[in-house]
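Beneath this line is the structure, given in C-alpha cells, with notes to follow.
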Amino acid sequence: MKTLKTILLSLLVLVIVVVIVGIVVLTGIKRGAIPQYKGELIVSGLGSDVTVYRDERGMPHIYASNEHDLYFSVGYVSAQERLWFMDLIRRVTTGRLSEVMGDKLVQTDKFLRCLEMTAKSKMLLSNEDPVLLSYIQAYADGVNAYIAATGKKLPPEFRILGYKPEPWKLEDIANIIGYMGWDLAKDNLTSDLFYYKLSQKLGGEKASELIPDWKAVNSVVFPDFKLDEKLLKDAQVFISSLDTLEAMGIASFSGSNNWAVTGKRSETGKPILSNDMHLKFGSPGIWMQMHQVIPGKLNVTGVVIPGEPFVVAGHNEKIAWGET
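For the sequence shown, the residue numbers in the working numbering are 1 to 324.
Shown next as C-alpha cells:
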C-alpha cells in the first residue's frame, strides 16, 4: 500500500512539473511573439518618419511621405501581423511544405512544384515596370527588416516547428498572384477528368445532356482522343494530394460576385460597389484590412493579402474596386 502511495505521489509531482513547464514555455512563446504596437521603432531602411496607428478594430493606418517608405512599412506591418501565414503560402507556391511538416506532404509538394510558379514569376518580373518593381522590393525589404528585428522572438509556429523564415524575394510576392490565378481555375482539373470519364461511359449524345456547354462547341480538335487508364488513375491520385491544402485551412479562392449601382438609384446620389468574394472561413482569414496614405498623393483603404503590398479590394477618394 505504501509503495502504491509513493508511485501515485510521484506521478502527481511529475504531472505538476510538466504542467508548470508547459505553462512557462507557452507563456514565453506567447510573450516573445507579440509585436510592438506602441512607442517608437528605429528601423534601418526607411528614408523618413512613418506613422502607424491601429484603430479600435486593430486595423493599421500607415502614413508615409513617399512610396518607398509606405510599401516598406506595409511589408513590416504585414510581417508583424501575419508572418506565419505569409510563409505558409510561400511554401505552397514553391512546393516546400514537407520540409517543415513531414513526409505526408511530399506528394502535395510534387504536384505544386509541377506548376513552376517561381519560374513564371521570374519571367513576369523581368518585363515589369521598374517603378512598380521598386515598390515590391521595398515591401520585401520591410518584411525582411521585421524578420531581422525579431531575432529568436518569432511567432510560435516557427518555434514549434523549429525553423526561421528565409528572406523575402520579389518572386515570393509574385508567386502569390500566380497561386490565386491557378487556385481559381484548379477545379477544372477534376471537372475535366470527370466529364471525360462521363463521355466515355455514356457516349457523346447522352453526355451532352449532362455536361455544361457541350453543345456550344463547334468543333472538336481531337475526336479520337483517349487517356490511358493507368495515367488517368495516376492523375486522380496526384490531384487528390491537394485535399491536404484544404484540410490545413490554406486559402482557397473559389470565385466572386460584383454588383455596381448607379448614383441615380442610391439614396446618397453616389454610386455603390458591392463586392462578394466567395472565400472559405479560416483563422486567420485570407485578408488583412489596411489604410495606406501618402498625404496629398495617395489615400487608399481596403484589404491586402498578407505577402502582397497593394490593396486588392477597396477604395481611394474617387473610385472603388473589387475582385472576382
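Built from N, CA and C at the ideal position, the CB exists for glycine as well.
Checklist line | Spatial distance of V131 from W287 (CA atoms) | finding: One C-alpha to the other measures close to 25 Å.
Next item on the list: Sort E67, N66 and Y76 by Cα distance to S44 and report the nearest one.
Entry: Distances from the alpha-carbon of S44 to those of E67, N66 and Y76 put Y76 closest.
Check: With DSSP run on the structure shown, which of helix, strand or coil describes A174?
Finding: In the structure shown, A174 sits in a helix (DSSP, three-state: H, G or I).
Notebook entry, point to check: Would Y146 be called buried (16 or more neighbouring beta carbons within 10 Å of its own) or exposed?
Noted result: Under this definition Y146 is a buried residue.
Checklist line | Residues bridged to G39 [DSSP beta-bridge criterion] | finding: Partner(s): none; G39 has no beta bridge.
Margin query: Between V311, V304, V300 and Q289, which has its C-alpha nearest R54's C-alpha?
Written below: Looking at the Cα atoms, Q289 is the closest of the given residues.
Check: So, are the CB atoms of D172 and R90 less than 8 Å apart?
Finding: Result yes, Cβ atoms of D172 and R90 sit closer than 8 Å.
Check: CB-CB under 8 Å to V24, same chain, minus the five flanking residues each way: which ones, in chain order?
Finding: Residue placement at V24 is flagged as unreliable, the pLDDT there being 46, under the threshold of 50; the coordinate-derived value follows with that caveat. Cβ neighbours of V24 beyond the five flanking positions: none.
Item checked: beta strand (DSSP E) segments (min. 3 residues) lying fully within the stretch 36-121 -> Counting only runs of at least 3 residues, the stretch 36-121 fully encloses the following beta strand (DSSP E) elements, listed from N- to C-terminal order: 51-54 and 60-63.
Checklist line | Through-space distance from E205 to V312, alpha-carbon basis | finding: So the two alpha carbons sit approximately 44 Å from each other.
Next item on the list: Express the C-alpha separation of S274 and V217 in angstroms, rounding to a whole number.
Entry: Roughly 34 Å between the two C-alpha positions.
Margin query: Could you tell me the alpha carbon to alpha carbon distance between N41 and V74, rounded to whole angstroms?
Written below: The sequence shown places Leu at residue 41, not Asn. Straight-line Cα distance between these residues: approximately 15 Å.
Next item on the list: Note down the Cα distance separating Y139 from T268, rounded to an integer number of angstroms.
Entry: So the two alpha carbons sit approximately 37 Å from each other.
Notebook entry, point to check: In or out: K264 buried (at least 16 other Cβ within 10 Å) or exposed?
Noted result: Of the residues assessed, K264 falls on the exposed side of the cut-off, its CB having fewer than 16 other CB atoms within 10 angstroms.
Checklist line | Cutoff 6 Å; reference L298; Cβ partners in own chain excluding five residues on either side | finding: Apart from sequence neighbours up to five positions away, no residue of its chain approaches L298 with a beta-carbon distance below 6 Å.
Item checked: F111 versus S240, E229 and G162, residue with shortest Cα-Cα distance -> If we check each option's Cα against that of F111, S240 comes out closest.
Notebook entry, point to check: Apart from the five residues on each side of it in sequence, which residues of its chain come closer than 6 Å, Cβ to Cβ, to S65?
Noted result: Around S65: S48.
Notebook entry, point to check: Should K169 be labelled buried (16 or more other beta-carbon atoms within 10 Å of its own) or exposed?
Noted result: The residue is buried, with at least 16 neighbouring Cβ atoms inside 10 Å.
Notebook entry, point to check: Residues in its own chain within less than 7 Å of M59 by CB, not counting five upstream and five downstream?
Noted result: Taken in chain order, the residues that qualify are Q289, M290 and H291.
Check: Which stretch, first to last residue, makes up the beta strand (DSSP E) that contains D276?
Finding: For D276, the uninterrupted beta strand (DSSP E) run begins and ends at I272 to L279, by DSSP.
Notebook entry, point to check: Beta-carbon separation of L232 and L193 under 8 Å?
Noted result: Between L232 and L193, the gap from beta carbon to beta carbon is short of 8 Å.
Next item on the list: Mind checking which residues open and close the beta strand (DSSP E) that includes G302?
Entry: Segment L298 to V304, the beta strand (DSSP E) holding G302.
Note to self: To the nearest angstrom, how far is the alpha carbon of K270 from that of L245?
What the structure shows: Cα-Cα distance, rounded: 42 Å.
Item checked: Pairwise C-alpha distance: T301 and P50 -> Position check: residue 50 holds Val in this sequence, whereas Pro was assumed. Distance between the alpha carbons of V50 and T301 is about 17 Å.
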